[in-house]
Each structure stands twice: as C-alpha cells, then as structure tokens.
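Before any comments, here is the structure.
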Amino acid sequence: MRTRLRGAAAVLAGLCLLAGPAACGKAAGVHEPGGPGSAGALKIGVLLPDNTSRLYHFDKPLIEKKIHQLCPACTVEVVSAEHDVATQQQQMDAMITKRVRVLILDAVDSKSLRSPVESARAARIPVVAYDRLVEGPVSAYVSFNGRRVGQLQGEALLQALGDRARGARIVMMNGDSTDPNSAWFEQGALDVLRGKVTIAKSYETAGWRPENANSNMSAAISSLGAGNIDGVYSANDGLAAGIISALEAAKVSPLPPVTGQDAELAAIQRIVTGDQYMTVHKPFGPEAGTAAAMAVALGRGKKLDGITTHTVNSPTTRGIPAVLLTPVSVTVHRIKDTVVKDHTYTIEQICTPKFASACQKAGLTR
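Here the sequence shown is numbered in our numbering, starting from 2 and rising by one per residue.
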C-alpha cells in the first residue's frame with residue numbers, strides 16, 4: 002500500500018484538531034464535507050473495542066468534537082465492548098434498531114462483526130471502519146498505513162543493531178492473527194528484516210494480550226537461551242511490556258532492542274529509561290477527524306471523493322474508499338519532536354519523579 006500523506010501533515014492535522022475549528026481545513030490533510038452551518042441533524046453511533054486504550058481516552062473525544070464542529074445539531078452515542086465480541090455484536094444490533102444514520106466501528110474482531118455490518122447495510126446504515134478493517138460491506142475505512150508501520154519498526158531494529166545486524170537472531174512477536182492489521186505490520190517488518198537478520202522465532206499473539214506475549218517470550222528464551230536473542234520485533238507497546246517483563250525475569254542484561262507501536266505513555270517512559278528502543282506514533286487527531294468527516298458526509302448522503310485518497314480490499318469487499326495516514330517512528334531522541342510537539346503528552350506527564358534522572362539524561366529536562 003502506498004500513502005500520499007506525509008508525517009508532517011499528519012502532525013499538523015493533529016494540532017489543528019486540538020486547536021479548534023478555525024484552525025482546521027484542507028491544508029491540514031482532513032477534507033471536510035461542509036462546515037458547522039451545514040444542515041441536517043444526524044445520530045451517529047461510535048463502537049469502540051474497549052475503554053482502556055488510547056482509542057477511548059484520545060480518539061473518542063476528538064471524534065465527538067469534530068462531529069459537533071461539522072454538524073452542531075448531530076448527536077453521538079459512544080459504546081465500549083470491553084474486548085468482548087458478543088457485546089459488540091449486541092451493541093451493533095441495538096444501534097441498528099435505534100436507526101442511527103451512520104456507524105463508526107472499531108471492531109473487536111474483524112471477522113466476527115461481518116454479520117452486523119451486513120445487517121447495517123440492509124438497513125441502509127453506512128459503516129465507517131475505524132483503525133481496523135472489518136469484513137462485510139463497509140462504506141469507508143480510515144487507519145494508518147499498516148505496512149509502513151512494520152517497515153518503521155524493522156528499520157529501527159536494524160538501526161539499533163548497527164554493525165551487529167548481519168546474522169543477528171531476532172524474535173518476532175506479531176499481533177493477533179485474526180486482525181488484518183497484524184498481517185500488514187508483519188509484512189512491513191519482513192520487507193526490511195528479511196535477508197538481513199535471522200528470524201529465530203516467530204509468534205502470533207492471541208488477543209494482542211501482553212500476558213500472551215510474556216508467555217511466548219519466555220518460551221523463546223527457554224528455547225534459544227537468554228543470551229542468544231539480539232533483538233525483538235514487537236508489534237505494539239502492550240506486547241512490548243510483556244516481552245520486557247519476560248526478559249527481565251530471565252535476568253537478560255542488557256536488554257536487547259525491543260520495538261513497539263501506539264506511543265503509549267508507559268512505552269515512552271520505557272524508551273526514556275532504555276528498556277524499549279522505539280515505538281510508532283500514530284497521531285490520532287487526523288484519524289479521528291477523518292472518521293468524523295466521513296461519517297457526517299455519509300450521513301448526509303454525500304460521496305467521499307473529496308475525503309478519501311486510497312481504496313483497500315477486505316476478504317469480502319473490494320475497492321473500499323479509504324484514507325491511510327502516515328505513522329511516525331519515535332526513539333528517545335524524537336520524543337520532543339513527536340508526542341510532545343503534537344500535544345499527546347507533556348514533559349511533565351512523561352517525566353514523573355520516577356523518571357526524573359532518565360529524562361535529564363535523555364535531554365528532556367534540565
């Protein structure tokens with residue numbers, strides 16, 4: 002997959018969304034269908050997989066804010082599935098029964114939500130797939146370029162290994178095999194790593210659960226030996242936490258470079274201390290703003306030609322109009338220029354007393 006957007010534009014879009022409606026527009030990379038004065042109240046349903054991740058704490062308020070900027074009379078109902086497929090299926094059915102005008106769906110499981118998506122289509126309710134491409138006749142999709150995410154992770158791992166990269170033994174901790182994003186991340190990483198390092202072990206991590214990554218990493222250590230792992234490809238920050246815990250329990254020192262994704266606060270702090278090498282930042286402002294713009298446009302019966310920049314295929318549907326945003330690599334030297342600059346976190350949030358010394362050494366504080 003190719004992306005036409007650039008990281009700087011994505012960061013600018015995130016800043017503009019935080020700054021308010023006057024600062025937002027096409028220059029920020031989020032094309033909007035009309036403005037606050039556009040007519041037509043809509044009821045928009047937003048279905049999220051949980052209420053603990055960045056999707057709930059960061060994306061949710063930005064989606065709501067942007068919808069209300071574009072459509073002040075619109076109402077938004079947000080529900081969380083608490084990681085449970087059956088719960089999300091029931092929530093979808095309830096939204097369809099309520100006759101919401103459009104749905105924004107981040108599926109707990111991309112395959113299991115196919116039937117409710119088909120039911121929504123039968124009820125003439127468009128579905129915007131958010132962050133994760135779900136099976137069924139979705140009307141639009143917005144996420145980050147998954148293959149590029151994996152490439153950034155692989156590039157960072159090679160950078161961390163330096164002259165030791167040739168022949169280095171790598172453990173790959175991929176995400177859940179039922180998540181299409183996981184395959185894109187893995188493929189991107191292999192684009193970079195294949196032929197340059199030795200993939201000593203590779204795992205799928207059920208449910209994207211840190212405890213499963215911990216078990217997988219413990220098995221890798223037992224099989225390969227604590228001193229025979231030169232680096233770990235971790236598909237996201239949650240898995241990285243489980244991986245690092247297993248390495249520490251096995252008294253591996255120094256820790257090998259470990260990748261990540263999502264720029265979770267705990268991961269940024271692990272990067273500051275040197276326990277994790279990098280993460281991938283996906284500025285949620287542009288993603289949330291694009292989903293809101295798509296939902297309002299679809300709810301008003303408009304086409305997405307002025308919003309979407311790509312098409313993607315799912316196992317069930319071809320040519321889905323999509324926006325694939327550009328992710329950003331974050332190492333210790335890029336914290337200020339990424340997650341701090343775009344207001345994801347403040348220095349104070351990162352550099353709590355526990356991390357004061359490491360933050361000073363990293364140049365984040367004096």
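Note that the Cβ used here is the ideal one computed from N, Cα and C, for glycine as well.
7 Å Cβ shell around T199 - same chain, five flanking residues per side excluded:
Here the question's residue 199 lines up with position 198 in the sequence shown. Closer than 7 Å at Cβ, skipping near neighbours: G168, A169, R170, I171.
Close-in-space but distant-in-sequence residues of the same chain around W209 (CB under 6 Å, 5 per side omitted):
Residue mapping note: residue 209 aligns to position 208 of the sequence shown, counting from 1. Cβ within range, chain order: G176, D177.
Which first and last residues belong to the beta strand (DSSP E) in which M174 is found?
Locating residue 174 in the sequence shown gives position 173, counting from the first residue. Counting along the chain, the beta strand (DSSP E) containing M174 begins and ends at 170–174.
Along the chain, where does the alpha helix (DSSP H) containing P117 start, and where does it finish?
By one-based count along the sequence shown, residue 117 stands at place 116. Element bounds for P117: 115–123.
Check S358 in the structure and name its three-state DSSP category.
Along the sequence shown, one-based indexing puts residue 358 at 357. Here S358 sits in helix by DSSP.
Under 7 Å, do A123 and L114 count as touching if we go by C-beta distance?
As a working mapping, residue 123 is identified with position 122 in the sequence shown. As a working mapping, residue 114 is identified with position 113 in the sequence shown. Contact: no.
Tell me the residue span of the beta strand (DSSP E) that contains P322.
If you number the sequence shown from 1, residue 322 lands on position 321. Element bounds for P322: 321–326.
At the level of alpha carbons, what is the spacing between A357 and L191?
Your numbering for residue 357 matches position 356 in the sequence shown. Your numbering for residue 191 matches position 190 in the sequence shown. Cα to Cα, A357 sits roughly 36 Å from L191.
In whole angstroms, what separates the C-alpha of T98 from that of R125?
Taking the first residue of the sequence shown as 1, we reach residue 98 at position 97. Taking the first residue of the sequence shown as 1, we reach residue 125 at position 124. Whole-angstrom Cα-Cα distance: 12 Å.
For a test of the three-state rule: what should DSSP assign to H344, helix, strand or coil?
Here residue 344 corresponds to residue number 343 of the sequence shown, with the count starting at 1. Note: H344 maps to coil in three-state DSSP.
Is G137 closer than 7 Å to M96 when the C-beta atoms are compared?
Stepping through the sequence shown from its first residue, residue 96 is reached at position 95. Stepping through the sequence shown from its first residue, residue 137 is reached at position 136. No. Outside cutoff.
What is the residue span of the alpha helix (DSSP H) that E78 lies within?
On the sequence shown, residue 78 is found 77 positions in, with the first residue counted as 1. Run containing E78: none in the alpha helix (DSSP H); it sits in the beta strand (DSSP E), 76–81.
Going by other Cβ atoms of all chains shown within 10 Å of its Cβ, with 16 needed for buried, is H334 buried or exposed?
Your numbering for residue 334 matches position 333 in the sequence shown. When all chains shown are included, H334 counts as exposed.
Can you name, in chain order, every residue of its own chain whose Cβ lies under 6 Å from the Cβ of H32, other than the five neighbours on each side?
What you label residue 32 is simply residue 31 of the sequence shown in a count that begins at 1. Only weak support is given to the placement of H32: the predicted model assigns it a pLDDT of 43, under 50, and the question is left unresolved by the model.
Specify the secondary structure class of H84 as computed by DSSP and reduced to three states.
Here the question's residue 84 lines up with position 83 in the sequence shown. The answer is coil: DSSP assigns H84 none of H, G, I, E or B.
Suppose the cutoff is 7 Å on Cβ atoms and the five residues either side in sequence are ignored; what does the same chain contact list for P255 look like?
Counting from one through the sequence shown, the residue named residue 255 turns up at place 254. Hits under 7 Å: none found.
Under a three-way DSSP split, which group does A236 fall into?
The residue you call residue 236 lines up with position 235 of the sequence shown. Coil, per DSSP.
Take every Cβ of the segment 248–264, pair it with every Cβ of the segment 223–236, and state whether three or more of those distances are shorter than 8 Å.
yes
Roughly how many angstroms lie between the CA atoms of A74 and K67, to the nearest whole one?
Taking the sequence shown and counting its residues from 1, one reaches residue 74 at position 73. Taking the sequence shown and counting its residues from 1, one reaches residue 67 at position 66. Cα to Cα, the separation comes out at about 12 Å.
Using beta-carbon positions only, say whether V313 and Y142 come within less than 7 Å of one another.
Looking up residue 313 in the sequence shown gives position 312. Looking up residue 142 in the sequence shown gives position 141. Their beta carbons are under 7 Å apart, which means V313 touches Y142 by this criterion.
Quick check: A214 and G243, are their CB atoms within less than 7 Å of each other?
Numbered from 1 along the sequence shown, position 213 holds the residue referred to as residue 214. Numbered from 1 along the sequence shown, position 242 holds the residue referred to as residue 243. It is a contact, given that the beta carbons lie within the stated cut-off.
Looking at the strands, I want to know which residues DSSP matches up with F145.
In the sequence shown, counting from the first residue as 1, residue 145 sits at position 144. DSSP, once it has assigned bridges, lists L326 as partnering F145.
Unbroken beta strand (DSSP E) run spanning T199, endpoints:
Position 198 of the sequence shown, counting from 1, holds the residue named residue 199. Per DSSP, T199 belongs to the beta strand (DSSP E) from 199–204.
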